[in-house]
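Okay, structure first, notes after.
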Amino acid sequence: MGVIRFSIDHPLLVNLLLVLVVLGGVLAWRAMPQEMLPTVELDKVSIRTVYEGAPPEEVERQVTVVIEDALDGLPDIDTVTSTSAEGLSRILIKLKQGTDVDDFLDDLRDTIDQIDDLPAEAETPRITRLKTRFPVISLALYGEVSAGFLNEHAERVKRRLLQLPGVASVGTAGDRDWEIWVEVDPRVLAAHQLTLDHLTQVLRDNLRDLPGGSIKAREGDILLRGLGAAPDLEHLRRLPLRSEDNGAQLLLGQVARVEMRLEEPTTLG
Numbered sequence: 001m002g003v004i005r006f007s008i009d010h011p012l013l014v015n016l017l018l019v020l021v022v023l024g025g026v027l028a029w030r031a032m033p034q035e036m037l038p039t040v041e042l043d044k045v046s047i048r049t050v051y052e053g054a055p056p057e058e059v060e061r062q063v064t065v066v067i068e069d070a071l072d073g074l075p076d077i078d079t080v081t082s083t084s085a086e087g088l089s090r091i092l093i094k095l096k097q098g099t100d101v102d103d104f105l106d107d108l109r110d111t112i113d114q115i116d117d118l119p120a121e122a123e124t125p126r127i128t129r130l131k132t133r134f135p136v137i138s139l140a141l142y143g144e145v146s147a148g149f150l151n152e153h154a155e156r157v158k159r160r161l162l163q164l165p166g167v168a169s170v171g172t173a174g175d176r177d178w179e180i181w182v183e184v185d186p187r188v189l190a191a192h193q194l195t196l197d198h199l200t201q202v203l204r205d206n207l208r209d210l211p212g213g214s215i216k217a218r219e220g221d222i223l224l225r226g227l228g229a230a231p232d233l234e235h236l237r238r239l240p241l242r243s244e245d246n247g248a249q250l251l252l253g254q255v256a257r258v259e260m261r262l263e264e265p266t267t268l269g
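Counting in the working numbering, the sequence shown runs from 1 upward without gaps.
Here it is as structure tokens:
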């Protein structure tokens, strides 16, 4: 009963203490860091190496295995998983619990820098600490239009959203890779004394910025695949293959048919 009796006998002091408690709570709340959707850093590190044009078997042998062997001397690694695809090697490292990730990244960069037997055509391995975040807004595009139109419209919307202040990243789901087929008539090539390898090299030289894609000769035709916005078809058709004796240029569209379509979907959702 002592507290109750004290409160009755000293109401002014009790009210003052209450005000101070409330004021302190408000000040502490305002000073507290708040994040609605914080970015969470994971104890995982990714190594991504682009080796344009190389088949998966060559990527595995000349890039993935070489990097994995170099990782053997590093401590604090729990597991290593890798994927070798056409033109791309991905290695995912999961670290042991309690590892200082910043120190590990320094050691990893030093280790990668010391590798001297990667193919000259391979790009420098890119090391990234994985992070996860939750989307603030989800936007769905639909309509009685072609899948190609939806893909192109989604790319335009993505670029516009990335221009907004405060937008860190925009991802897309459900989009499909585009494919461009360059259909070649062997008789036309022979008449112009050209080869399929020559056409492939011309395309590779002119599409070095192919986004996440590849160029591959397949059964007499050439297949271009990639992510995002596809190259302009008319630009491809006007690619010069060589200059003739009379000064005119022989263009790709004169010896091949260039068409674009989306690859067939492999999942539904």
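The beta carbon of each residue, even a glycine, is placed where N, CA and C say it ideally should be. Predicted model only: the values in this text are computed from it and were never measured.
Along the chain, where does the beta strand (DSSP E) that runs through residue i open and close?
| i | result |
| --- | --- |
| A85 | I77 to A85 |
| Q249 | Q249 to L251 |
Would residue i and residue j qualify as a contact pair, given that the criterion is a beta-carbon distance under 8 angstroms?
| i | j | result |
| --- | --- | --- |
| I222 | L236 | no |
| V50 | G87 | yes |
| T111 | D76 | no |
| L251 | R238 | yes |
| P56 | S84 | yes |
| V45 | I127 | yes |
| L108 | L74 | yes |
| R61 | R90 | no |
| L71 | V80 | yes |
| F78 | L95 | Checking the displayed sequence, the identity of residue 78 turns out to be Asp instead of Phe. A contact, by the Cβ cut-off of 8 angstroms. |
| R261 | E179 | yes |
| V188 | L196 | no |
| L241 | L164 | no |
May I ask you to list the residues that DSSP assigns as paired with residue i?
| i | result |
| --- | --- |
| L88 | V50 and A85 |
| V182 | I222 and V258 |
| K94 | K44 and T79 |
Considering only C-alpha positions, which residue in the set the options is nearest to residue i?
| i | options | result |
| --- | --- | --- |
| R257 | P119, A190, L233 and R5 | L233 |
| G171 | D9, A140, E244 and D72 | A140 |
| A120 | M32, G53, L12 and A248 | G53 |
| H198 | R159, V255 and L105 | V255 |
| D106 | D117, V167, G166 and R129 | R129 |
| E58 | V157, L162 and A122 | A122 |
| D43 | F104, P186, A31 and D113 | F104 |
| E259 | A154, P11, V182 and A248 | V182 |
| E244 | I93, H192 and V101 | H192 |
| L278 | D116, N246, I67 and I115 | The chain is shown from 1 up to 269; residue 278 falls before or after that span and cannot be answered. |
| K131 | E144, F149, A168 and V157 | A168 |
If you follow the alpha helix (DSSP H) that residue i is part of, which residue opens it and which one closes it?
| i | result |
| --- | --- |
| P11 | P11 to A31 |
| L241 | Careful: L241 lies outside any alpha helix (DSSP H), inside the beta strand (DSSP E) at P240 to S243. |
| P125 | Taken as a continuous stretch (DSSP letters only), P125 belongs to no alpha helix (DSSP H), as it is neither H nor E. |
| P186 | P186 to A191 |
| K158 | A147 to L162 |
| R109 | V101 to D113 |
| T172 | No alpha helix (DSSP H) contains T172, which DSSP labels as neither H nor E. |
| E234 | L233 to R237 |
| T195 | T195 -> no alpha helix (DSSP H), and no H or E assigned at all. |
| A70 | V65 to L71 |
| E58 | P56 to V59 |
Taking 8 angstroms as the CB-CB limit, is residue i close to chain B?
| i | result |
| --- | --- |
| L241 | This model lacks chain B altogether, as it is built from one protein chain only. |
Under 7 angstroms from any heavy atom of the ligand SAM, does the C-beta of residue i make it?
| i | result |
| --- | --- |
| Q193 | Although the ligand SAM was asked about, the structure shown includes no ligands whatsoever. |
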